[in-house]
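Those protein sequence lines, which keep their order, are chains A and B.
Numbering follows our numbering, in which position 92 of the first sequence is assigned residue number 591; successive positions increment by one, without gaps.
Numbering follows our numbering, in which position 178 of the second sequence is assigned residue number 354; successive positions increment by one, without gaps.
Glycine is no exception: its CB is placed at the ideal position from the N, C-alpha and C atoms.
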Amino acid sequence: MNFLQTIGRVFLAFLATAGRLTIFTASGITHCVRPPFYPRIILKQMIEIGYYSLPVVGLTAVFAGMVLALQSYTGFSRFSAEGAIANVVVLSITRELGPVLAGLMVAGRIGAAMAAEIGTMRVTEQIDALTTLSTNPMKYLVAPRLIAGLTMMPVLVFIADIIGVFGGYLVTVYKLGFNASNYLQNTWNFLEADDVISGLVKASVFGFIVTLMGCYHGYNSKGGAQGVGMATTNAVVSASILILCFDYILTEMFFAK
Amino acid sequence: MNARSPKISLQGVKKAFGEKVVLNGVDLDVGVGESVVIIGGSGTGKSVTIKCIQGLLTPDQGRIEIDGENVVGLGGTERERVNKQIGMLFQAAALFDSLAVWENVAFGLLAEKRINRRDARDLAVEKLALVGLGSNLIDLSPADLSGGMQKRVGLARAIAADPDIIFFDEPTTGLDPITADVINNLIVAINQKIGATALTITHDMQSAKKIGDRIALLYDGKIIWAGPPDQVDNSNNPYLDQFIHGRTDGPIKMALRA
């Protein structure tokens with residue numbers, strides 16, 4: 500009997516959380532499109548996500564490109580198909596690794612920071628203070644972050660794509676000694692607009708997920724320092740899992756025909 | 177009470193969190209320009225009362241009227257319209273730590289676009305002067321200020337939009353006795369100057385007697401005694417006597433096990 504009770508309790512808690520998250524998401528989206536807007540805060544968040552994440556995401560991308568080139572060389576040299584290194588690198592980066600790695604990095608950097616900041620605002624009554632100063636916290640805190648995540652992640656991933664391909668180029672040309680112009684030619688020939696666009700759409704969705712999780716967990720944090728810590732952890736973990744989940748779903752939507 | 181209808185009127189307000197009943201039928205009227213202090217032990221629902229009036233929490237039952245209008249369940253722009261006339265000083269000041277002092281003070285007016293950013297600085301200087309702070313700290317971050325100064329900035333922010341109603345949430349908690357008295361004097365002076373209706377919650381009896389035109393004791397989810405400060409000491413109410421003298425023994429049973 501106790502066993503069934505536990506299952507029931509967990510299931511109900513899951514449904515309640517799903518419901519709360521859905522309401523929060525819907526409310527966040529409607530506040531993104533209804534005035535008043537806070538351009539100053541949107542800009543600040545865009546710089547935080549797009550500009551200050553560049554070093555982390557860039558480093559991740561360059562090493563991902565490099566290791567891809569190295570690994571695919573090991574594999575392809577068995578079939579004397581080393582010419583395909585460029586294709587593997589560019590397709591993997593633009594379709595998958597660019598958006599997913601950038602998403603995970605930004606989840607760690609931005610999602611955590613947002614959850615901690617909004618969570619601290621919650622426990623120090625700053626969110627209540629916003630309401631008493633006739634400012635809707637969903638509009639002032641959540642909407643600008645969602646907008647910034649949605650718009651800046653594709654930009655970030657586009658740059659990461661270029662850096663990742665460059666990483667592959669470095670290893671292929673300087674370490675493995677292949678011809679540079681051949682590599683670039685192969686990259687360009689095999690790349691289709693769909694590959695890049697699908698990656699950028701993913702990036703946008705991941706940006707939304709990261710900022711949404713950061714805001715949701717921060718906004719609903721309880722208690723003091725411990726609550727904020729938990730909110731931060733939950734934001735990063737849930738964002739990372741959702742990114743991988745949605746990566747599959749989106750890939751299925753784009754390419755499974 | 178004056179002849180006009182009360183500014184704030186709570187009628188049978190009930191609020192429970194799960195099994196735990198916090199407010200069990202609170203009735204309280206606050207007249208226009210009156211200063212009422214709600215006293216009560218920790219966890220008796222003083223903060224919940226104020227949050228219900230502001231719409232941060234929705235009561236399960238009862239009416240809350242501001243200027244005769246029932247504000248329970250108001251949402252969105254309606255709620256913002258009501259809250260525009262309310263200023264609040266939070267217990268830990270709740271200043272926005274990502275903004276400078278002057279932006280904090282002028283936040284409400286800036287948010288409503290009733291003022292541009294250049295005028296906001298001047299207004300902040302003016303309001304800070306009312307609470308005895310100089311213009312030299314308007315560019316500082318709230319984190320650079322002491323607790324007492326943060327309270328003052330919070331006070332300046334609460335009065336910046338010339339509210340009709342001000343809530344003070346434990347204005348003296350966590351301050352040394354002298355700073356606490358300074359804050360008390362400021363609150364009295366500001367209430368007189370801007371003529372706002374004030375509702376204060378505290379468990380500091382000295383503060384309550386100084387600030388309040390009327391004191392109300394909240395116990396077990398109800399207002400069980402209310403009267404002017406000079407009657408507090410000879411009320412013959414066993415609950416009130418126990419509270420003001422801070423005795424463990426008496427009719428009030430603190431939930432020590434909770």
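Counting C-beta atoms within 10 angstroms of its own C-beta, B/I341 has 16 or more neighbours from the protein chains shown and is therefore classed as buried.
With a beta-carbon spacing of about 17 Å, B/V301 and B/S317 fall beyond the 8 Å limit used to define contacts.
For A/M620, a Cβ of chain B is located within less than 9 Å of the residue's own Cβ. Between the beta-carbon of A/L645 and that of A/L749 there is about 18 Å, and that puts the pair past the 8 Å contact cut.
Residue nearest to A/I541 within the set A/F753, A/A612, A/M651 is A/M651 (criterion: CA-CA distance). In the DSSP annotation of this structure, the continuous segment of the beta strand (DSSP E) that includes B/K398 starts and ends at 398-403. A residue is called buried when at least 16 other Cβ atoms come within 10 angstroms of its Cβ; B/N259 meets this threshold and is buried. Considered as a whole, the segment 532-571 of chain A harbours no complete run of any beta strand (DSSP E) with no fewer than 3 residues. Pairing A/G602 with A/V695, the inter-Cα distance amounts to about 16 Å. In this structure, DSSP gives B/Q261 a state outside helix and strand, which the three-state scheme calls coil. Interface criterion met: the Cβ of B/M264 is under 9 Å from a Cβ in chain A. Not a single C-beta of chain B is nearer than 9 Å to the C-beta of A/E547. In this model, B/G252 and A/S633 are separated by some 10 Å (Cα to Cα). As summarised for the segment 368-420 of chain B, the continuous alpha helix (DSSP H) elements at least 4 residues long and confined to that stretch are 381-387, given in chain order. Think of a sphere of 7 Å around the beta carbon of A/T731: no beta carbon from chain B falls inside it, the nearest being about 17 Å out. Bounds of any alpha helix (DSSP H) do not take in B/Q267, whose DSSP letter is neither H nor E.
Per the C-alpha coordinates, the member of B/E279, B/K303, B/A305 positioned closest to B/R293 is B/E279. Residues of the segment 281-303 of chain B that bring their beta carbon within less than 7 Å of a beta carbon in chain A comprise F283, G284, A287, E288, in sequence order.
Sorting A/F536, A/S579, A/V589 by C-alpha distance to the C-alpha of A/Y682 places A/V589 at the top. Spanning the alpha carbons of A/P535 and A/F753 requires a straight line of approximately 35 Å.
Annotated three-state conformation of B/D236 is coil, per DSSP.
Neighbours of A/L632 in chain B, taken as residues whose beta carbon is under 7 Å from its own, are F283, G284, A287 in chain order. Of all alpha-carbon atoms in A/F523, A/Y551, A/I584, the one lying nearest the alpha-carbon of A/V566 is that of A/I584.
C-alpha of A/H716 to C-alpha of B/D315: approximately 31 Å in a straight line. Among the residues facing chain B, A/D660 is not included, as its CB has no counterpart in that chain under 9 Å away. The beta carbon of A/Q625 falls within 9 Å of a beta carbon belonging to chain B, placing the residue at that interface. Look at A/N635: its C-beta is under 9 Å from a C-beta on chain B. In the DSSP assignment, B/G231 falls outside any alpha helix (DSSP H), carrying neither H nor E. Proximity of B/K191 to chain A, defined by a Cβ-Cβ separation below 9 Å, is not satisfied. By the Cβ neighbour-count rule, B/Q326 is buried, with 16 or more other Cβ atoms within 10 Å of its own.
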